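Position 360 of the sequence shown, counting from 1, maps to 361 under our numbering, and the rest follow consecutively. Below you'll find the structure, written out as structure tokens, and then a few comments.
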Amino acid sequence: MLLPQTKEREYRFKLALRMGLPIFALVITFFLTTSINESQTLSALFYIEAVLLLAFSVYFILYIIYNGFDTRVTEIVSKTFTREYLYEYLKKELKKEKEYTLILISIDNLHDINTLYGIKNGDKILFEVAKWIGEYTRKKDIKNFPLGHIKGGDFVLGLRGNKSKYNTILELMCLQAEEFKIDDIEVKISGSITDTSFSNELDYMIENLFELQEMQKHKKSSLKDDAISPNDLELLVIDALKQRTFIVMTQSIFEDNKSVLKECFIKLQTQDGRMIYQKTYMKAISKLGLMLEYDLMILEKTISKMENQIDEILVFDISPRSLRNPLFFNKMKDLFENYPHAKNKIMFMLYENEYYSNIDKYNAILKSIKKMGILIGIDRLGSIHTSFLYLRDLDIDVVRFDSFYTKEIQSHTEIVEGFILAAHKKNVKTWIKLIEDKNDLELAQAIGIDYMQGKYLAELELLKKDYNEIR
2 MLLPQTKERE YRFKLALRMG LPIFALVITF FLTTSINESQ TLSALFYIEA
52 VLLLAFSVYF ILYIIYNGFD TRVTEIVSKT FTREYLYEYL KKELKKEKEY
102 TLILISIDNL HDINTLYGIK NGDKILFEVA KWIGEYTRKK DIKNFPLGHI
152 KGGDFVLGLR GNKSKYNTIL ELMCLQAEEF KIDDIEVKIS GSITDTSFSN
202 ELDYMIENLF ELQEMQKHKK SSLKDDAISP NDLELLVIDA LKQRTFIVMT
252 QSIFEDNKSV LKECFIKLQT QDGRMIYQKT YMKAISKLGL MLEYDLMILE
302 KTISKMENQI DEILVFDISP RSLRNPLFFN KMKDLFENYP HAKNKIMFML
352 YENEYYSNID KYNAILKSIK KMGILIGIDR LGSIHTSFLY LRDLDIDVVR
402 FDSFYTKEIQ SHTEIVEGFI LAAHKKNVKT WIKLIEDKND LELAQAIGID
452 YMQGKYLAEL ELLKKDYNEI R
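This is the structure in structure tokens:
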């Protein structure tokens, strides 16, 4: 048992003892007084009742202490509903209401506030923002709605009706919060909104709120109205992995005007023939904990059907977590022993948001994989800090620039040249995608980029026409 749990039990026992002592004292005093004064007339039933009264008193006090404190309705810091109670409340609301809306309000810079101003000020910001949400909604004549703190700086509120009633309110709230300050501390607020037209499952709605928020931050388009519902998507993904049905589209990547790589794009195929794109299904696979199974399925099937005469190296997006899993390594070793023609014909493209701290172990894994004849690339250089750190710390072969720099390469030439210099100093080749016209191509060649990719150079094509028919 952990120390916090031990201390919690000690605290509750002492509290129960303090609450119970007066009751025990009264019961015992009553029992002694009565038995002394009325000892001649008391029946055995009195003694039984006295013992039962004492036993029930003890049980009642312990029950109140040990169970009553397990359920909290409001959180200590923000004074809003706890996540557990909020979820319980919202699930009941969703069962009763056909149309229901959830709004996410986030303090985007809470971590920075905690770091710069201290945790106590961070707690104060949470309380003041929750208070501000309540005051703002009250002005809009919205009252008695559930508001809860679910994590970090994120609050969720539930409102009856569809989101069209509240879109404008959310937009005005975020607009008003642009200059929001508490005790001269700048507070950055963002929000998103969804309703039961997306799903009537609370977990899916909450996830959708965060997805929409990320899209807005990166100025991406919102989800399409005809998108697959989350529950259906998970079932389709599970079935596709079980049936091992997918197709591989490729796009050629050129070096010195010669096709040397083929990037692979995977579409899962449902039993009714529909195609599910990577952007749609990857989050579902991650949530279901099936990333390792997915990565192994793609590689096993691709390598087993790879033709001996293939000239280009096939490039796959692989989860770094899969790569660091011993099971993945052992499977890969067996695959290359069974299909030696795949050696030097595979590249893994990796990226992750959080830096893996045990870098020596990571490097040892990559070196072992490279001995099998697999090349290693790092994606999104210039977008996430881990790509810079991995370029510095890992033994890799290729880095690919983030699309932010490559969509308008002419505006970011100096930055890209800096990336190229840093990569070439480490004998790492560079890769640019989204080459859309002749000018982009000539500029990329002039500044010394090694690999070129884009619609101007090659269109997507099917890796193998009968690929999804072979299981």
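Ideal Cβ positions, reconstructed from N, Cα and C, are used throughout, including at glycine. Just so you know, these numbers come straight off a predicted model, no measurement behind them.
Can you give me the start and stop residues for the beta strand (DSSP E) that residue i sits inside?
i	result
Gly159	155-161
Ile314	314-318
Met250	247-256
Met373	Per DSSP, Met373 belongs to no beta strand (DSSP E) and is neither H nor E.
Phe181	Taken as a continuous stretch (DSSP letters only), Phe181 belongs to no beta strand (DSSP E), as it is neither H nor E.
Thr431	430-433
Gln270	259-270
Gly419	That residue, Gly419, is in no beta strand (DSSP E); its alpha helix (DSSP H) goes 414-426.
Asp196	190-196
Thr102	101-108
Leu458	No beta strand (DSSP E) contains Leu458, which DSSP labels as neither H nor E.
What separation, rounded to the nearest whole angstrom, lies between the Cα atoms of residue i and residue j?
i	j	result
Tyr167	Ile108	20 Å
Tyr391	Ile397	8 Å
Phe405	Ile385	11 Å
Met1	Met276	Any property of residue 1 remains undetermined from this structure, which presents the chain solely from 2 to 472.
Met292	Leu269	14 Å
Leu203	Ile304	40 Å
Ile254	Lys346	14 Å
Tyr452	Asn258	9 Å
Leu55	Arg84	38 Å
Lys189	Thr116	15 Å
Leu289	Asp240	13 Å
Val74	Lys96	20 Å
Thr407	Gly383	11 Å
Glu418	Leu87	51 Å
Asp273	Glu94	35 Å
Asn232	Leu242	16 Å
Thr281	Ser165	25 Å
Glu355	Lys15	44 Å
Glu50	Phe57	10 Å
Thr414	Ile134	45 Å
Ile421	Tyr118	39 Å
Arg19	Val28	15 Å
Lys152	Thr30	51 Å
Asn122	Ile114	7 Å
His425	Ile360	21 Å
Rounded to the nearest angstrom, how far is the Cβ of residue i from that of residue j, given a contact under 8 Å?
i	j	result
Lys344	Met307	No, Lys344 and Met307 are not in contact; Cβ-Cβ is about 11 Å, not under 8 Å.
Pro147	Leu91	6 Å
Ile143	Leu127	At roughly 21 Å, the Cβ-Cβ gap does not stay under 8 Å, so Ile143 and Leu127 are not in contact.
Leu461	Thr251	7 Å
What first and last residue would you give for the alpha helix (DSSP H) that runs through residue i?
i	result
Met307	Element bounds for Met307: n/a, residue is neither H nor E.
Ser475	The displayed coordinates of the chain run from 2 to 472. Any statement about residue 475 would go beyond what the structure contains.
Arg139	120-140
Lys97	84-97
Lys439	439-447
His386	386-394
Tyr282	279-289
Ile207	203-218
Ser230	Neither: Ser230 is in no alpha helix (DSSP H) and is coded neither H nor E.
Would you mind working out which of the options sits nearest residue i, comparing C-alpha positions?
i	options	result
Thr169	Ser193, Leu324, Leu237, Leu328	Ser193
Glu136	Gln177, Asn163, Ile120	Gln177
Ile416	Ile448, Leu395, Leu435	Ile448
Leu105	Lys368, Lys346, Phe211, Asn359	Phe211
Asp184	Pro231, Gly149, Asp124, Leu87	Asp124
Ala365	Arg161, Val399, Lys15, Phe330	Phe330
Met283	Leu324, Leu234, Thr271	Leu234
Glu100	His425, Leu173, Thr30, Asn201	Asn201
Lys509	Gly154, Asp394, Asn354	Limits of the chain in this structure are 2 at one end and 472 at the other, which puts residue 509 out of reach.
Lys362	Phe25, Glu353, Phe82, Pro327	Pro327
Arg129	Ser165, Leu300, Ile186	According to the sequence shown, residue 129 is Glu rather than Arg. The option with the nearest alpha carbon to Glu129 is Ile186.
Leu315	Ile299, His342, Cys265	Cys265
Leu236	Thr271, Phe420, Glu215	Thr271
Is the CB-CB distance between residue i and residue j below 9 Å?
i	j	result
Met333	Ile267	no
Leu463	Ile248	yes
Asn163	Thr197	yes
Leu103	Val157	yes
Ala459	Ile410	no
Ile319	Asp296	yes
Gly378	Leu351	yes
Ser473	His150	Look at the range of the chain in this structure, 2 to 472, and you will see that residue 473 is not part of it.
Ile433	Tyr457	no
Tyr357	Pro321	yes
Val238	Ile286	yes
Asp403	Asp380	yes
Glu313	Lys371	no
Thr81	Ala26	no
Return yes when at least one heavy atom of the ligand NAD lies under 8 Å from the C-beta of residue i, else no.
i	result
Leu461	Looking at this structure, you won't find the ligand NAD or any other ligand, since it has none at all.
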